[in-house]
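The structure appears below as structure tokens.
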Amino acid sequence: MGLFGKKKERDIDTYLEGYSKSNNSLGSKLTSLLGGFNGINDELMENLLVVLIEADVGVTTSEKIIDRLKDKIQADFIKNKKECIEALVSVMKEIYDEEHVPELEFIIGQTQLVMMVGVNGSGKTTSISKLAKYYMDMGYSVGLIAADTFRAGAVDQLVRWAERLGIHCVTGKENADPSSVLVDGCRYFKENKVDIIIADTAGRLQNKRNLMNELTKMKKVVGRELPGAPHEVWLTIDSTTGQNGLSQAAQFIEATDITGVILTKMDGTSKGGIVLAIKDQYNLPIRFITYGEDISSITEFYLDGYLRTVIEEAENA
Ligand SMILES: Nc1nc2c(ncn2[C@@H]2O[C@H](COP(=O)(O)OP(=O)(O)OP(=O)(O)O)[C@@H](O)[C@H]2O)c(=O)[nH]1
Ligand SMILES: [Mg+2]
Numbered sequence: 000m001g002l003f004g005k006k007k008e009r010d011i012d013t014y015l016e017g018y019s020k021s022n023n024s025l026g027s028k029l030t031s032l033l034g035g036f037n038g039i040n041d042e043l044m045e046n047l048l049v050v051l052i053e054a055d056v057g058v059t060t061s062e063k064i065i066d067r068l069k070d071k072i073q074a075d076f077i078k079n080k081k082e083c084i085e086a087l088v089s090v091m092k093e094i095y096d097e098e099h100v101p102e103l104e105f106i107i108g109q110t111q112l113v114m115m116v117g118v119n120g121s122g123k124t125t126s127i128s129k130l131a132k133y134y135m136d137m138g139y140s141v142g143l144i145a146a147d148t149f150r151a152g153a154v155d156q157l158v159r160w161a162e163r164l165g166i167h168c169v170t171g172k173e174n175a176d177p178s179s180v181l182v183d184g185c186r187y188f189k190e191n192k193v194d195i196i197i198a199d200t201a202g203r204l205q206n207k208r209n210l211m212n213e214l215t216k217m218k219k220v221v222g223r224e225l226p227g228a229p230h231e232v233w234l235t236i237d238s239t240t241g242q243n244g245l246s247q248a249a250q251f252i253e254a255t256d257i258t259g260v261i262l263t264k265m266d267g268t269s270k271g272g273i274v275l276a277i278k279d280q281y282n283l284p285i286r287f288i289t290y291g292e293d294i295s296s297i298t299e300f301y302l303d304g305y306l307r308t309v310i311e312e313a314e315n316a
């Protein structure tokens with residue numbers, strides 16, 4: 000095994016399979032809008048704006064997209080539907096700006112910590128088990144820390160997943176200080192030379208000051224145990240809660256340095272446009288999307304794959 004885990008082939012079919020399980024209505028709405036295409040005019044631009052807003056792209060980001068699209072149409076003398084779709088895709092790419100998103104890479108032989116945060120029920124624990132399997136399949140050793148000591152049952156839920164996956168889960172007593180459980184976990188997995196530790200945290204929405212203090216403390220203690228920890232702090236956002244979920248998640252974004260987003264429950268929404276809103280409004284990359292309760296319902300996010308599913312139908316409309 001090399002320094003990095005076996006990088007999953009960025010096989011477009013795998014991505015498309017994942018995305019097609021997310022109920023993509025941005026694609027189908029664009030399809031029906033462009034199906035009746037009769038020239039580029041203000042009406043088309045207005046309808047396009049509505050489609051974007053309905054798909055959860057968010058008002059600010061949608062307006063930005065349409066403004067840039069209009070400029071592009073004028074500058075490039077765009078007249079037909081195909082060119083218009085291409086221009087829309089290129090504007091969406093500009094907005095997401097994937098080139099400046101750092102590549103996600105864990106190193107084999109180093110102990111790295113991922114902290115999972117997010118509001119109640121947004122899919123932290125489920126996503127952790129999916130991620131554990133995902134990285135184990137890539138050749139990494141994985142360990143879990145149940146630092147959600149607040150909710151009865153939270154620890155058990157994670158322990159059960161760990162048992163199923165045949166990996167270790169470090170736990171603390173109910174109502175134990177989450178930071179002390181994190182410290183125990185970091186020590187244990189460092190000693191046991193585990194590559195990736197994923198820590199579950201409590202999702203309760205406290206006031207921002209408490210949340211900030213708790214997250215700050217967690218980051219401080221893990222930084223003392225492992226150099227550079229936490230290496231990633233991922234925020235789960237329930238895509239079915241749309242812009243509302245995004246504003247709740249914003250509390251976490253303000254409280255700590257989030258490095259990426261796991262967009263969950265994409266199978267239950269037709270509003271995948273939230274991807275663009277999150278990146279544009281908070282400059283956070285989407286790292287994974289999840290689309291089901293099954294442990295393998297997770298795909299690394301890949302902008303081209305996402306845009307391809309959005310656009311493919313529309314092009315053939
Ligand atoms: N359909 C679907 N359901 C999901 C997905 N991810 C999580 N869920 C479900 O959403 C519910 C909440 O998921 P959890 O992983 O327990 O969420 P959590 O953030 O850990 O919640 P708390 O521990 O209460 O803060 C569970 O019933 C999961 O099965 C998904 O991608 N698709
Ligand atoms: Mg949980």
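Once you know that position 139 of the sequence shown is 138 in numbering that gives the first Met the number 0, the rest is easy, because the numbers rise by one and skip nothing. Think of the CB as a built atom: it goes at the ideal place given N, C-alpha and C, for glycine as much as any other residue.
Pairing G35 with K189, the inter-Cα distance amounts to about 60 Å. In terms of Cα proximity to L262, the closest of V154, N79, I236, G108 is I236. Annotation for Q111: no alpha helix (DSSP H) segment contains it, though the beta strand (DSSP E) segment containing it runs 111-116. Per DSSP, reduced to three states, the secondary structure at V220 is helical. For I144 against I196, the beta-carbon gap comes to about 6 Å, under 8 Å, which counts as contact. M115 and G122 have their C-alpha atoms some 10 Å from each other. Taking a C-beta distance under 9 Å as the contact criterion, L51 and G272 qualify as a contact pair. Residues I94, D279 of the same chain have their beta carbon placed closer than 8 Å to that of K63, with the five preceding and five following residues left out of the count.
In summary, S269 is buried, with 16 or more beta-carbon neighbours lying within 10 Å of its beta-carbon over all protein chains present.
Between ligand 1 and the CB of V221, the shortest heavy atom gap is not smaller than 8 Å. Exclusion of the five residues before and after V58 leaves I52 as the residues of its chain whose Cβ lies within less than 7 Å of its Cβ. The continuous beta strand (DSSP E) containing T263 extends over residues 259-263. The Cβ-Cβ distance between A146 and D199 falls below 9 Å. Here the alpha carbon of D266 sits roughly 18 Å from the alpha carbon of L275. Under the DSSP assignment, R159 falls in the alpha helix (DSSP H) whose first and last residues are 153-164.
If you look at T125, you'll find it isn't in any beta strand (DSSP E); it sits in the alpha helix (DSSP H) that goes 123-136. Per DSSP, I65 has no beta-bridge partner at all. The residue among Y301, V309, I310 with its C-alpha nearest the C-alpha of V100 is Y301. When DSSP states are grouped into helix, strand and coil, V100 belongs to the coil group.
Cα atoms of L112 and E231: separation of roughly 7 Å, rounded to the nearest angstrom.
In summary, D55 is buried, with 16 or more beta-carbon neighbours lying within 10 Å of its beta-carbon over all protein chains present. Assigned with DSSP and collapsed to three states, I84 falls in helix.
By the C-beta density criterion, A74 is exposed, having fewer than 16 other C-beta atoms within 10 angstroms.
By the 16-neighbour rule on beta-carbons within 10 angstroms, P284 is buried. Of the other Cβ atoms in all chains shown, fewer than 16 fall within 10 Å of the Cβ of T215; this residue is therefore exposed. Per DSSP, E299 is one residue of the beta strand (DSSP E) stretching across 297-299. V221 is the residue among V193, N212, V221 whose C-alpha sits nearest the C-alpha of D183. The Cβ-Cβ distance between Q247 and T240 falls below 9 Å. By the Cβ-count criterion, S295 is exposed, with fewer than 16 other Cβ atoms from all chains shown falling within 10 Å of its own Cβ. Under the three-state reduction of DSSP, A145 is assigned to strand.
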